[in-house]
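Just so you know, the sequence shown maps onto residues 2 to 362 in our numbering.
A short worksheet on the structure shown next.
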Amino acid sequence: MDLEHIYLKALELIPLNKEEGIVLYTHAPLEDLMFIANKLRQVHNPGNIVGWMIDRNVNLTNICFSQCAFCNFCRRKGSVDAYVTTTEEYISKIDELYSLGGDQLLLQGGMNPDLGIPFYIDLFKDLKKLYPSLKLHALGPPEIVYLAKKERLSYNEVLSKLIEAGLDSLPGAGAEILSDRVRQVVSPAKASVSEWLDVMREAHRLNLPTSATMMYGHIETIEERIEHLILIRDLQSAKQENHYGFITFIPWPFQDEGTILLKKYGIKSGYYGPDYIRIIAISRIILNNIRNIQASILTVGREIGMLSLHSGANDLGSIMIEENVVSAAGANNRFNAMEMQSIIREAGFVPGRRNQKYEQV
Ligand code: SF4
């Protein structure tokens with residue numbers, strides 16, 4: 002297959018098919034991909050602003066029935082270090098968030114069998130009552146699937162109730178790799194591919210802002226990575242034109258430390274820097290209808306984060322005041338607000354602080 006022909010299609014924003022994506026991934030020189038992805042970054046986001054934000058990740062609970070093989074964070078009910086975050090803890094964490102200039106909470110955590118939809122509705126309402134300007138970027142498709150099954154509600158009903166209680170946007174958590182073959186091994190108890198996509202389709206119908214993610218570098222093939230991107234692109238193209246849909250796409254590598262995948266199956270993280278750059282560039286090229294590509298500086302670190310900005314990414318995400326899931330599996334990069342801005346400047350761009358909807362603040 003002719004690489005030049007694929008490059009031209011990509012530059013004209015014509016959707017690439019799976020075969021073309023695989024050829025790009027396996028045969029295109031990295032510098033070609035970076036060049037094209039950079040051009041496309043300028044089509045979607047002209048100029049030299051790189052987004053970043055301040056938010057705080059609070060884990061609702063670490064009790065989770067799912068026990069995903071890549072998760073070193075979850076605990077079983079009754080474990081000595083199992084917890085459900087208390088109101089007092091939320092208050093002290095949110096006070097600290099506000100004192101650092103942030104107003105968004107990323108609420109994630111385990112799927113705790115004791116917590117049903119009334120728990121989340123009460124929590125969201127209470128937090129919004131205490132902090133009316135607080136933004137809640139919370140849960141993810143697996144939790145919505147779980148709550149729908151537990152409460153015998155449709156995805157529309159679960160999402161509508163949560164939006165009414167204060168949910169502002171839905172993270173693309175739990176996508177991992179959108180392949181049921183892969184999910185059967187790494188997260189068999191979690192939402193299937195079609196369930197994940199159906200929740201996001203419903204969120205897009207309700208005009209709830211969402212993000213899409215990919216956690217790669219474990220047992221998936223290159224073909225499955227490309228299929229993942231195409232599923233996300235095709236869902237995005239089905240959304241109503243004036244609705245948010247997927248505001249951003251964020252790929253990050255599997256962190257192996259202490260995980261079942263490593264301990265039981267000997268599967269190490271397949272991460273290496275040049276491959277991350279390739280993934281960022283390929284994401285920008287295949288996702289021709291998603292405006293923002295975020296590099297996960299928290300997992301890949303400063304240098305690869307900076308290089309990503311020359312490979313199609315236009316955002317470095319959050320300084321993430323607290324994060325426990327990927328850091329529990331070995332990601333230890335931490336940056337404060339000053340460092341984040343200086344990294345962006347050092348890479349040759351202008352830092353632009355933004356909110357969860359990618360609006361400059
Ligand atoms: S990754 Fe999430 S869903 Fe999976 S076991 Fe960990 S907390 Fe549970």
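From the three backbone atoms N, C-alpha and C, an ideal C-beta is built for every residue, glycine too.
- Where residue 138 is concerned, the enclosing beta strand (DSSP E) starts and stops at 136–139.
- When C-beta atoms of the segment 275–291 are compared with those of the segment 227–234, three or more pairs fall below 8 Å, so the two segments count as touching.
- When Cβ pairs closer than 8 Å are counted between the two stretches, the segment 60–69 is seen to touch the segment 79–86, the count reaching three or more.
- Rounded to whole angstroms, the gap between the alpha carbons of residue 42 and residue 31 is 16 Å.
- Rounded to the nearest whole angstrom, the CA to CA distance from residue 28 to residue 305 is 21 Å.
- Looking at the backbone, the Cα of residue 124 and that of residue 178 are separated by about 30 Å.
- In terms of side-chain proximity, the C-beta atom of residue 63 is found nearer than 8 Å to a non-hydrogen atom of the ligand SF4.
- Under the criterion of beta carbons closer than 8 Å, residue 137 and residue 56 do not qualify as touching, at roughly 11 Å.
- Under the DSSP definition of a beta bridge, residue 217 partners with 254.
- For residue 218, the CB contacts under 6 Å within the same chain, skipping 5 residues up- and downstream, are 254, 255, 270, 271 and 272 in chain order.
- Contact check between the segment 141–157 and the segment 197–211: three or more CB pairs, one atom from each, fall below 8 Å, which counts as touching.
- These are the residues, in chain order, with a beta carbon less than 6 Å from any non-hydrogen atom of the ligand SF4: 65, 67, 68, 69, 72, 74, 75, 111, 112, 143, 188 and 191.
- According to the DSSP secondary-structure assignment, residue 59 is paired through a beta bridge with 108.
- Here residue 293 carries a strand assignment [DSSP, helix/strand/coil].
- In the DSSP annotation of this structure, the continuous segment of the alpha helix (DSSP H) that includes residue 146 starts and ends at 142–152.
- Bounds of the beta strand (DSSP E) holding residue 319 are 316–319.
- Apart from the 5 residues on each side of it in sequence, residue 149 sits with its Cβ closer than 6 Å to the Cβ of 156 and 159 in its chain, given in chain order.
- Bounds of the beta strand (DSSP E) holding residue 169 are 168–170.
- When DSSP states are grouped into helix, strand and coil, residue 183 belongs to the helix group.
- Judged by DSSP in its simplified three-state form, residue 77 adopts coil rather than helix or strand.
- For the options 342, 24 and 207, the alpha carbon positioned closest to that of residue 307 is the one of 342.
- Proximity to residue 336 across 345, 347, 320 and 279 peaks at 320, based on C-alpha coordinates.
- Ranked by Cα distance from residue 223, the options 111, 91, 279 and 104 are led by 279.
- Around residue 257, the same chain offers 263, 269 and 270 as residues with beta carbons nearer than 6 Å, after the five sequence neighbours per side are excluded.
- Shown here for residue 196: same chain residues with a beta carbon closer than 6 Å to its own, the five before and five after excluded, namely 146 in chain order.
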